[in-house]
Structures are given as C-alpha cells and as structure tokens.
Amino acid sequence: MTGYTLGGGVGWFSRTYGLASDSVRAIDIVDADGEPGRVSAESDPELFWALRGGGGDFAMVTALELQLYPVPALYGGRVIWPEHRTRQVYEAFLEITAEAPRELSVWINRLHPPGAPPLVTLDLAYLGEAAQGQDLLARGRCDTRQAGRGRSRPGGLHQRPQAVHPAVPR
Ligand SMILES: Cc1cc2nc3c(=O)[nH]c(=O)nc-3n(C[C@H](O)[C@H](O)[C@H](O)COP(=O)(O)OP(=O)(O)OC[C@H]3O[C@@H](n4cnc5c(N)ncnc54)[C@H](O)[C@@H]3O)c2cc1C
8 MTGYTLGGGV
18 GWFSRTYGLA
28 SDSVRAIDIV
38 DADGEPGRVS
48 AESDPELFWA
58 LRGGGGDFAM
68 VTALELQLYP
78 VPALYGGRVI
88 WPEHRTRQVY
98 EAFLEITAEA
108 PRELSVWINR
118 LHPPGAPPLV
128 TLDLAYLGEA
138 AQGQDLLARG
148 RCDTRQAGRG
158 RSRPGGLHQR
168 PQAVHPAVPR
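Position one of the sequence shown corresponds to residue 8 (this note's numbering), numbered consecutively onward.
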C-alpha cells in the first residue's frame with residue numbers, strides 16, 4: 008500500500024478519483040537525520056509534493072492519512088477467454104472504452120500461466136449499479152456477462168492473488 012501510493016498508484020477508481028497519491032492528506036515520516044515528522048500540503052508543500060509520486064527517495068514513511076470515498080454500488084470482475092479470441096476481445100475493449108464514463112475502468116491483459124494455454128482477460132470495474140454497468144459493457148461485441156458480481160468488494164473484484172502465483176501479466 009505504501010509503495011503503491013508513494014509511486015502514484017493507479018487503481019480501479021482512478022478514472023473517477025485520480026491517482027492514489029491524489030488522495031493523501033498527510034504523511035508521517037522519519038527523515039534522513041532520524042527525526043520523525045508529519046508532512047502535509049500546509050506544513051511542507053515541496054516534500055509533500057515529492058513524496059506523492061516520487062517513490063521512496065525522500066523519507067521513510069511510517070503512516071499515510073488517506074481520503075476515503077463512499078462506494079454504494081460496484082459492478083465488475085475478470086472475464087477470461089482463450090487466446091484465439093484475442094482479436095475479438097481487443098476490438099470489444101476499443102468499443103467499450105471509446106466513450107466510457109469515468110465511473111468505468113477496463114483493463115485488458117494477456118496471461119500465459121506456465122503449463123497452461125495463453126489467455127486474454129478484461130478486468131472490469133464500474134462504480135455504479137449492475138444494470139448500468141451491463142449496458143456499458145454491452146457496447147463491446149463479446150460476452151462479458153460473467154463479469155456480474157453485483158456489489159463486489161474492491162479487494163475481491165479481480166481475484167488478485169493474496170500470495171505468490173505463477174502467471175505473469177504483460
Ligand atoms: C502483480 C502486480 C500488480 C500491480 N498492479 C498495479 C496497479 O494496478 N496499479 C499501480 O499503480 N501499480 C501496480 N503495481 C505496481 C506497484 O504499485 C508497485 O510495484 C509498488 O511499488 C508496490 O509497492 P510495494 O510497497 O509492494 O513495493 P516496494 O518494492 O516495497 O516499494 C516500492 C518503492 O517504494 C518505496 N517504499 C516502500 N515502502 C516505503 C516506506 N514505508 N517508506 C519509504 N519508501 C517506501 C521503496 O523503497 C521502493 O522505492 C503492480 C505490481 C505488481 C507486482
């Protein structure tokens with residue numbers, strides 16, 4: 008979480024709420040002299056700016072204070088096809104994203120798990136009700152109905168593995 012936020016952080020809701028670093032309100036640090044401190048836009052604008060996207064080069068971060076957002080409804084999930092559907096899925100990706108509202112994020116991946124056939128996936132996240140999400144996805148001419156998870160929890164949305172696993176996204 009800290010490395011992700013210090014590096015900027017592109018998340019499922021970035022099209023609506025910006026980078027993770029845009030939602031940082033204050034940062035607790037230990038500086039190069041070993042001195043603890045709390046950095047905000049008011050206390051130290053330059054260091055606050057550098058920490059939010061500049062990575063770990065400026066101080067040791069011990070805590071982040073983040074702006075949170077309500078998510079009353081969330082629709083999405085990962086849809087997986089075999090490799091031979093790649094062209095069709097790319098075309099659907101373009102059709103869906105050409106005029107997508109900021110509440111919809113769609114990421115396309117090609118995966119090649121060791122010892123298994125290659126795959127193509129769409130990762131979908133819509134900040135809204137399932138019916139509206141389905142209408143937006145229907146613009147793409149490939150079946151995305153498997154995406155439906157209704158009020159998904161963001162953590163489980165795309166089955167992000169909790170431990171090391173063999174597939175490498177490219
Ligand atoms: C499978 C996978 C999926 C990913 N998906 C996304 C994604 O969707 N969006 C996205 O934006 N990025 C994504 N990333 C990239 C991810 O944001 C970066 O790898 C991020 O740096 C991870 O943070 P970390 O704390 O685990 O990494 P680390 O390698 O531990 O840290 C990254 C950097 O932050 C510094 N750092 C970490 N903790 C501190 C601290 N407490 N104080 C000071 N410096 C610190 C480190 O020194 C280093 O420079 C993904 C990476 C992987 C491997």
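Cβ coordinates follow ideal geometry from the N, Cα and C atoms, glycine included. Note that the structure is a prediction, hence the values are computed from the model and not measured.
For D35, the enclosing beta strand (DSSP E) has its first and last residue at V31 to V37.
Residue environment analysis places G147 among the buried positions, since at least 16 neighbouring C-beta atoms fall within 10 angstroms of its C-beta. As summarised for the region 55–82, there are no continuous alpha helix (DSSP H) elements at least 4 residues long confined to that stretch. The C-beta distance from N116 to T128 rounds to 5 Å, short enough to meet the 8 Å contact threshold.
Between I34 and V78, the gap from beta carbon to beta carbon reaches 8 Å or more. Apart from sequence neighbours up to five positions away, the residues of its chain that approach G44 with a beta-carbon distance below 6 Å are I36, ordered along the chain. The same chain holds no residue with a CB closer than 8 Å to that of E49 once the five nearest residues on each side in sequence are set aside. Shortest Cα-Cα distance from A123 to any of Q95, E90 and R59 involves E90. In terms of Cβ geometry, S28 and G63 do not form a close pair [threshold 8 Å]. Apart from the 5 residues on each side of it in sequence, T151 sits with its Cβ closer than 6 Å to the Cβ of V86 and L144 in its chain, given in chain order. Assigned with DSSP and collapsed to three states, S47 falls in coil, not helix or strand. Per DSSP, L126 is one residue of the beta strand (DSSP E) stretching across L126 to Y133. Pairing W114 with G14, the inter-Cα distance amounts to about 19 Å. Secondary structure of V96 (DSSP, three-state): helix. The Cβ neighbour count for D130, taken over all protein chains shown within 10 Å, is at least 16; the residue is labelled buried.
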